[in-house]
Amino acid sequence: MIYVRMQHNEHDDIIAFTMSGHAEAGPYGQDIVCAGVSAVSIGTVNAVQSLCGVDLVVSSKGEGGYLDCAVPEGLDVRTYEDVQLLLKGMELSFLSMADAYQTFITVEIDRR
Numbered sequence: 010m011i012y013v014r015m016q017h018n019e020h021d022d023i024i025a026f027t028m029s030g031h032a033e034a035g036p037y038g039q040d041i042v043c044a045g046v047s048a049v050s051i052g053t054v055n056a057v058q059s060l061c062g063v064d065l066v067v068s069s070k071g072e073g074g075y076l077d078c079a080v081p082e083g084l085d086v087r088t089y090e091d092v093q094l095l096l097k098g099m100e101l102s103f104l105s106m107a108d109a110y111q112t113f114i115t116v117e118i119d120r121r
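FYI, the numbering for the sequence shown is 10 to 121, going by our numbering.
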């Protein structure tokens with residue numbers, strides 16, 4: 010099971026997300042849930058860097074199955090809004106996957 014935790018602040022902005030686990034929805038290299046989650050998360054981290062010029066604070070494990078990202082503080086308003094748009098798109102993708110593949114992925118939205 011892949012567990013995704015999206016952390017929101019008091020303004021409902023995404024400030025961090027953590028993914029852990031493995032879907033095990035198919036053999037290695039054929040697991041569409043794992044491939045989808047990986048593509049969306051890595052694509053979003055890369056888009057934030059390439060399009061917004063922001064390096065998220067990233068922690069991962071070499072063997073896979075774990076990714077933790079946080080939005081750095083001190084961004085200007087426009088850049089922060091752009092980062093939020095990309096992260097909220099990622100969150101919607103995860104929620105869609107969790108709806109379609111409930112056995113393999115769960116998403117928790119932590120609103121503070």
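For every residue, glycine included, the Cβ atom is placed at its ideal position computed from N, Cα and C.
With DSSP run on the structure shown, which of helix, strand or coil describes residue i?
i: A111; result: For the record, residue 111 in the displayed sequence is Gln; it is not Ala. Looking at Q111 - three-state DSSP - the assignment turns out to be coil, as it is neither helix nor strand.
i: M15; result: strand
i: R120; result: strand
i: G52; result: helix
i: M10; result: coil
i: L84; result: coil
i: Y89; result: helix
i: V66; result: strand
i: A79; result: strand
i: G30; result: strand
Measure from the alpha carbon of residue i to the alpha carbon of each residue in the options, then state which is nearest.
i: Q93; options: I11, K70, M15; result: M15
i: G71; options: I24, E19, S29, D21; result: S29
i: E82; options: G74, V63, I51; result: V63
i: G73; options: D91, A25, I51, D21; result: I51
i: L101; options: V54, V116, T112; result: V116
i: H31; options: A44, D22, A25, T53; result: A44
Assuming residue i contacts residue j (C-beta within less than 8 Å), just tell me the rounded distance between them.
i: A107; j: I114; result: 5 Å
i: I11; j: V49; result: With 8 Å as the limit, I11 and V49 do not qualify as a contact, their Cβ atoms being about 11 Å apart.
i: V57; j: L95; result: 5 Å
i: D85; j: T27; result: 26 Å between Cβ atoms; not a contact.
i: L60; j: V80; result: Their Cβ separation, rounded to whole angstroms, is 14 Å, which puts L60 and V80 out of contact at 8 Å.
i: N18; j: R121; result: 6 Å
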